[in-house]
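Undergrad: Numbering-wise (the numbering used here), the sequence shown opens with residue 1 and increments by one. For glycine and all other residues, C-beta sits at the position ideal for the given N, C-alpha and C.
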Amino acid sequence: MQELRKYKFGEFWNMLLSGVAMAIVVAVTPGAIIAPFISGLAKSNSFWATVSTATSMGIYIVPVAAAILAADQFGFTMIEKASVSLAAMAGSGAVKYSNGTWTLVGMGDLINTIIIIAVAIVLIFLIRNHVGSFSIIWEPILCGSIVGSFGMWSYKYVHMISMGVGNILNLFTTLQPILLCTLIAMSFAVIIATPLSTVGLAYAIGIDGIAGGAASVGVTACFMMVAVATYKINGKGVSFAMFWGSVKMMLANFVKHPRMLLPIAVVGALTGLTDSFIGIKAGPAFAGFGQPVGPINSFTYMNGSTWLNVTVLALIYFILPIGYSIIIYSIFKKMPRLYNDNDWRVDLNK
1 MQELRKYKFG EFWNMLLSGV AMAIVVAVTP GAIIAPFISG LAKSNSFWAT
51 VSTATSMGIY IVPVAAAILA ADQFGFTMIE KASVSLAAMA GSGAVKYSNG
101 TWTLVGMGDL INTIIIIAVA IVLIFLIRNH VGSFSIIWEP ILCGSIVGSF
151 GMWSYKYVHM ISMGVGNILN LFTTLQPILL CTLIAMSFAV IIATPLSTVG
201 LAYAIGIDGI AGGAASVGVT ACFMMVAVAT YKINGKGVSF AMFWGSVKMM
251 LANFVKHPRM LLPIAVVGAL TGLTDSFIGI KAGPAFAGFG QPVGPINSFT
301 YMNGSTWLNV TVLALIYFIL PIGYSIIIYS IFKKMPRLYN DNDWRVDLNK
């Protein structure tokens with residue numbers, strides 16, 4: 001219990017969510033990047049069909065990978081990591097039993113998975129000093145059976161709530177795309193600059209279609225604004241890294257200088273506003289990604305001319321966000337109370 005108390009509430013959840021976010025990124029990335037390019041080949045060639053199947057299987061390991069990586073954040077032993085993964089798999093809803101058959105149905109409900117991982121981790125902290133060498137017996141039993149059963153019970157209620165939130169957002173985005181796309185893109189542009197995971201959030205609430213597209217272009221807008229802002233003060237290398245999504249390396253800067261989020265929010269809002277007229281779409285598993293995963297997934301929702309679709313994606317994911325970023329950068333540069341180039345300096349020696 002003393003070991004658990006050394007973690008503050010926010011620190012505990014930040015560590016847990018960091019592990020979950022990494023598991024999602026690792027599991028989803030192969031399918032997000034490779035699958036669209038080989039899906040056509042897979043229909044007529046057994047080799048590519050096998051590659052496509054292997055590539056798409058990553059999504060099914062999310063509950064187990066999330067549990068292991070989250071437990072690893074707390075320095076758990078192999079037995080403890082595996083025990084947490086038993087609970088997560090049972091409570092995730094990723095596997096369903098019907099008529100004597102077990103069926104994989106995706107990564108399950110991410111929110112319920114996170115709750116069950118948290119419960120399992122707390123449980124292990126509570127019992128680890130009491131079970132001693134019997135940990136290999138008691139920890140798998142308590143996590144896999146007791147916590148896992150609780151997860152299976154809570155799944156239907158948590159899943160109903162999380163899907164309800166996603167459905168409401170998707171419905172409102174359809175009814176009022178201009179306002180909602182602007183707000184969603186702005187929110188995700190800011191969230192990606194915090195310790196929170198846009199990938200986990202998007203999948204957890206199940207935003208899809210136009211709402212998912214707004215989230216994806218919002219994340220990309222953050223990449224572009226940070227790339228533009230860091231170019232002069234840090235040089236080409238850092239700016240290039242930010243362009244490809246390495247904004248998390250600036251978390252310390254964002255915490256120390258919250259005003260940095262203002263130009264990011266503005267660029268996100270402008271990009272989302274523009275997107276409301278274009279109607280880019282993305283699935284819930286990819287809505288939290290910016291480029292390059294975002295446009296690859298969005299392309300699968302588009303019909304008509306390939307070149308026209310590529311042009312539209314280049315416009316909303318690259319050209320306009322960069323243009324907006326340069327304009328907003330120029331405007332904010334004239335307001336020293338809201339903007340300082342030194343805020344964006346990255347110390348690569350730390």
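Under 7 Å Cβ to Cβ from His-257, same chain only, skipping five residues before and after it: list those, please.
TA: Asp-343.
Undergrad: Could you check the C-alpha separation between Ile-79 and Ser-135 for me, to the nearest Å?
TA: Cα to Cα, the separation comes out at about 8 Å.
Undergrad: Rounded to the nearest angstrom, what separates Leu-69 and Ile-124 at their Cα positions?
TA: Approximately 15 Å, taken between the alpha carbons.
Undergrad: Between Ala-265, Ala-269, Tyr-301, which lies nearest to Gly-279 when the distance is taken from Cα to Cα?
TA: Among Ala-265, Ala-269, Tyr-301, the Cα nearest to that of Gly-279 is on Tyr-301.
Undergrad: Compute the Euclidean distance between the alpha carbons of Ala-118 and Ser-216, then round it to the nearest angstrom.
TA: Ala-118 and Ser-216: Cα-Cα distance of roughly 28 Å.
Undergrad: At what residues does the beta strand (DSSP E) containing Trp-102 begin and finish?
TA: Element bounds for Trp-102: 101-104.
Undergrad: Would you report the Cα separation of Ile-319 and Met-57, rounded to the nearest angstrom?
TA: Each residue's Cα considered, the two are about 34 Å apart.
Undergrad: Taking Ile-191 as the reference, give the member of Tyr-155, Val-255, Met-160 with the closest Cα.
TA: Ile-191 has its Cα closest to that of Val-255, out of Tyr-155, Val-255, Met-160.
Undergrad: What residues in its chain sit with their C-beta under 8 Å from that of Thr-362, if we drop five residues either side in the sequence?
TA: As displayed, the chain neither begins before 1 nor continues past 350, which places residue 362 out of reach and without an answer.
Undergrad: Can you list, in chain order, the residues of its chain whose CB lies under 8 Å from that of Ser-83, leaving out five sequence neighbours each side?
TA: For Ser-83, where only same-chain residues beyond five positions count, the Cβ hits under 8 Å are Ala-120, Ile-124, Glu-139, Pro-140, Leu-142, Cys-143, Gly-144.
Undergrad: Could you give the C-beta distance for Val-247 and Cys-222, rounded to a whole number, given that I count them as a contact under 8 Å?
TA: Rounded, the Cβ-Cβ distance is 6 Å, consistent with contact.
Undergrad: Leaving out five residues before and five after Met-89 in sequence, what residues of the same chain have Cβ atoms less than 8 Å from its Cβ?
TA: Closer than 8 Å at Cβ, skipping near neighbours: Pro-63, Val-64, Ala-67, Val-95, Gly-148.
Undergrad: Using the Cα positions of Tyr-317 and Ser-325, report the straight-line distance between them to the nearest angstrom.
TA: If you take the alpha carbons of Tyr-317 and Ser-325, they lie about 12 Å apart.
Undergrad: Where do the ends of the alpha helix (DSSP H) carrying Val-122 lie?
TA: Unbroken alpha helix (DSSP H) run through Val-122: 110-131.
Undergrad: Nearest CA to the CA of Ile-116: which residue from Trp-153, Val-105, Gly-100?
TA: Of the candidates Trp-153, Val-105, Gly-100, the one whose C-alpha sits nearest the C-alpha of Ile-116 is Trp-153.
Undergrad: Along the chain, where does the beta strand (DSSP E) that runs through Val-98 open and close?
TA: Inspection of the sequence shows that residue 98 is occupied by Ser rather than by Val. Residues 95-98.
Undergrad: Hey, Gly-356 and Val-226 are a contact pair by Cβ (cut 8 Å); roughly how many whole angstroms apart?
TA: This structure does not reach residue 356, given that the chain is present from 1 up to 350, and the question cannot be answered.
Undergrad: How about Gly-323 and Lys-281: are their beta carbons less than 8 Å apart?
TA: Taking 8 Å as the Cβ cut-off, Gly-323 and Lys-281 do not qualify as a contacting pair.
Undergrad: Hey, Ile-264 and Ala-202: beta-carbon distance below 8 Å or not?
TA: For Ile-264 and Ala-202, no; Cβs fall outside 8 Å.
Undergrad: Does the segment 95-113 come into contact with the segment 159-167, if we say contact requires no fewer than three beta-carbon pairs (one atom in each stretch) closer than 8 Å?
TA: Result yes; three or more Cβ-Cβ pairs closer than 8 Å.
Undergrad: Give me whichever residues DSSP pairs with Gly-235 in a beta bridge.
TA: Answer by DSSP bridge pairing: none, since Gly-235 is not bridged.
Undergrad: Suppose you measure from the CA of Ser-44 to the CA of Ile-296; what does that come to, to the nearest Å?
TA: Cα to Cα, Ser-44 sits roughly 22 Å from Ile-296.
Undergrad: If I measure Cβ to Cβ from Arg-345 and keep anything under 6 Å in the same chain, skipping five residues before and after, which residues do I get?
TA: Result list for Arg-345: Ile-233, in chain order.
Undergrad: What are the uninterrupted segments assigned as alpha helix (DSSP H) that are 4 or more residues long and contained completely in the segment 206-232, given in chain order?
TA: DSSP runs (the alpha helix (DSSP H)) wholly in the segment 206-232: none.
Undergrad: Which residues mark the beginning and the end of the alpha helix (DSSP H) in which Gly-91 is found?
TA: Per DSSP, Gly-91 belongs to the alpha helix (DSSP H) from 78-92.
Undergrad: Three-state secondary structure (DSSP) at Ala-282?
TA: It is a strand residue.
Undergrad: With a 10 Å radius around its C-beta and 16 neighbouring C-beta atoms as the bar for buried, classify Ser-46 as buried or exposed.
TA: Answer is exposed; the Cβ neighbour count stays below 16.
Undergrad: Hey, would you say the C-beta of Val-95 is under 7 Å away from at least one heavy atom of the ligand HEM?
TA: Questions concerning the ligand HEM fall outside what the structure shown contains, since it holds no ligand whatsoever.
Undergrad: Between the C-alpha atoms of Pro-336 and Ile-328, what's the straight-line distance to the nearest angstrom?
TA: Cα to Cα, the separation comes out at about 14 Å.
Undergrad: Using 10 angstroms around the beta-carbon of Arg-5, count the other beta-carbons present and answer buried if the total reaches 16, otherwise exposed.
TA: Result: exposed.
Undergrad: Could you please give the first and the last residue of the uninterrupted alpha helix (DSSP H) stretch that includes Asn-170?
TA: Segment 148-175, the alpha helix (DSSP H) holding Asn-170.
Undergrad: Does Lys-248 get closer than 8 Å to chain D when you measure Cβ to Cβ?
TA: This model lacks chain D altogether, as it is built from one protein chain only.
Undergrad: Give me, in chain order, the residues of the same chain whose beta-carbon lies closer than 6 Å to that of Thr-103; leave out the 5 immediate sequence neighbours on both sides.
TA: Within the same chain, Thr-103 has close Cβ partners Lys-96.
Undergrad: So the alpha helix (DSSP H) Pro-63 belongs to, where does it begin and stop?
TA: Unbroken alpha helix (DSSP H) run through Pro-63: 62-73.
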